[in-house]
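Take 1334 as the starting number for the sequence shown in the numbering used here and just add one per residue.
Glycine included, every Cβ here is placed at the ideal spot set by N, Cα and C.
All figures in this text were calculated on a predicted structure; none of them were measured in a lab.
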Amino acid sequence: MSLQVGIVGLPNVGKSTLFKALTKKQVDIANYPFCTIDPNVGVVKVPDERLAALAQLSQSKQTIPTTIEFVDIAGLIKDAHKGEGLGNKFLSHIRSVDAIAHVVRGFTDTDVIRTSEGVVFDDVEVVNLELVMADLETVTKRLDAIQGKAKTGDKEAQQHVTILLRIKEALEQGKRIYDLPRSKEEGLFIKTLSLLTDKPAFHVINVDETSLTIDIATTHREPHATQLPDVVILSAKLESELAELPQEEAQRFLQEMNIKESGLDQLIRTAYDVLHLITFLTTGPEETRAWTIPRGAKAPQAAGVIHSDFEKGFIRAEVINWKHLVDAGSEAGAREKGLLRLEGKEYVMQDGDVCHFRFSV
């Protein structure tokens, strides 16, 4: 399944620098707002140490990781929902992504123009408010369109008006719709609205290299730091430098700086968490491959990611945890130890499962 994460934030917070580092794709970067007008899209391989271990075990001819798409969206500014800056064009780009990585400025380079006078977490509120206001406009228009029909006694329209009024009240309080409780039926209707604040989001604090090992709340003296969901702290400048190095050299550099994982690894792990995704694997002489599925997916759904025929004709799945397979030394060894399991249609997939699917045609 494809996964697209939009990189958003105010102008000159380091979004395009981060994008270039993550994708190793050259994008236009300059020290002025709105340098990036059309969104740049880069496809990145998801690093997964399990693939190499399984490929070695199976002597696979090729290794295929799963991928993630990053979209570099030009900077929002205050009153973008009213058309300021590049206005609704930016908002429409955000509307198409699966999750939002909100980059905020935590570095202190006086040579880079700052479009906001606020501190880090004030900047967060500027962007959040723009998304809320854009959603409020969307909801108000939908209400105006269906209230007349609801007054005629149309039950579906009445139900939709009730939901819209709940959403409108939440937005007027500055709340994200993603956190709004809903039934399955309400969720299906809300999805049709394509609301910006109904997307999972996390925050990326772009700091100076020297701040990477310092607690962000202490660094910026911000009492609201712990209230932000899923914070990733990184240095876009450092990531850009690492992107130019061979992989082994970059890894040594990180170890010397006592950094456990790169910014890319942090972003992908956090994106997977907020989107509730997991990875299962297949391995054999031809290829070892990673596949992305929603957390909670059952075995037939996972089989369908490989090919729709696998889901339609699903019989059962032979499953083993990747580490158990590697430790056993071979599939035959794992079978002798009773580590391979046969699972049916109701089996809920687990992250790191290695599967062989059996199906009828």
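Straight-line gap, residue i to residue j (C-alpha atoms, nearest Å)
i            : j            : result
residue 1541 : residue 1657 : 41 Å
residue 1464 : residue 1595 : 29 Å
residue 1392 : residue 1690 : 20 Å
residue 1373 : residue 1405 : 5 Å
residue 1582 : residue 1575 : 9 Å
residue 1529 : residue 1346 : 21 Å
residue 1375 : residue 1356 : 6 Å
residue 1629 : residue 1610 : 9 Å
residue 1685 : residue 1352 : 28 Å
residue 1548 : residue 1694 : With a pLDDT of only 49 at residue 1548, under 50, the local geometry of the prediction cannot be trusted, and the value read off the model is given with reservation. For residue 1548 and residue 1694, the distance between alpha carbons rounds to 56 Å.
residue 1507 : residue 1615 : 45 Å
residue 1570 : residue 1584 : 16 Å
residue 1688 : residue 1617 : 11 Å
residue 1458 : residue 1655 : 42 Å
residue 1516 : residue 1525 : 15 Å
residue 1481 : residue 1383 : 57 Å
Residues near residue i by beta carbon distance below 6 Å, same chain, minus five either side
i            : result
residue 1635 : 1613, 1626, 1682
residue 1537 : 1434, 1436, 1565
residue 1388 : 1396, 1621
residue 1586 : none
Proximal residues to residue i (C-beta, below 7 Å), its chain only, five neighbours per side dropped
i            : result
residue 1678 : 1631, 1632, 1633, 1647
residue 1433 : 1339, 1341, 1427, 1532, 1534
residue 1401 : 1336, 1338, 1377, 1379, 1601, 1604
residue 1643 : 1636, 1637, 1690, 1692
residue 1670 : 1661
residue 1386 : 1659
In DSSP terms, what residue i is bridged to
i            : result
residue 1339 : 1404, 1433
residue 1615 : 1622
residue 1378 : 1400
residue 1642 : Residue 1642 pairs with nothing; no bridge assigned.
residue 1395 : 1620
residue 1676 : 1650
residue 1596 : Answer is none; residue 1596 lacks a bridge partner.
8 Å Cβ shell around residue i - same chain, five flanking residues per side excluded
i            : result
residue 1680 : 1631, 1632, 1650, 1652
residue 1469 : 1501, 1504, 1505
residue 1510 : 1468, 1500, 1503, 1504, 1523, 1528, 1530, 1531
Residue j beta carbon less than 7 Å from that of residue i
i            : j            : result
residue 1472 : residue 1513 : no
residue 1539 : residue 1403 : no
residue 1398 : residue 1623 : yes
residue 1565 : residue 1390 : no
residue 1395 : residue 1620 : yes
residue 1491 : residue 1483 : yes
residue 1354 : residue 1573 : yes
residue 1675 : residue 1667 : no
residue 1563 : residue 1494 : no
- Query: Should the segment 1596-1608 be regarded as contacting the segment 1634-1648, the criterion being three or more beta carbon pairs within less than 8 Å?
  - Reply: When Cβ pairs closer than 8 Å are counted between the two stretches, the segment 1596-1608 is seen not to touch the segment 1634-1648, the count staying below three.
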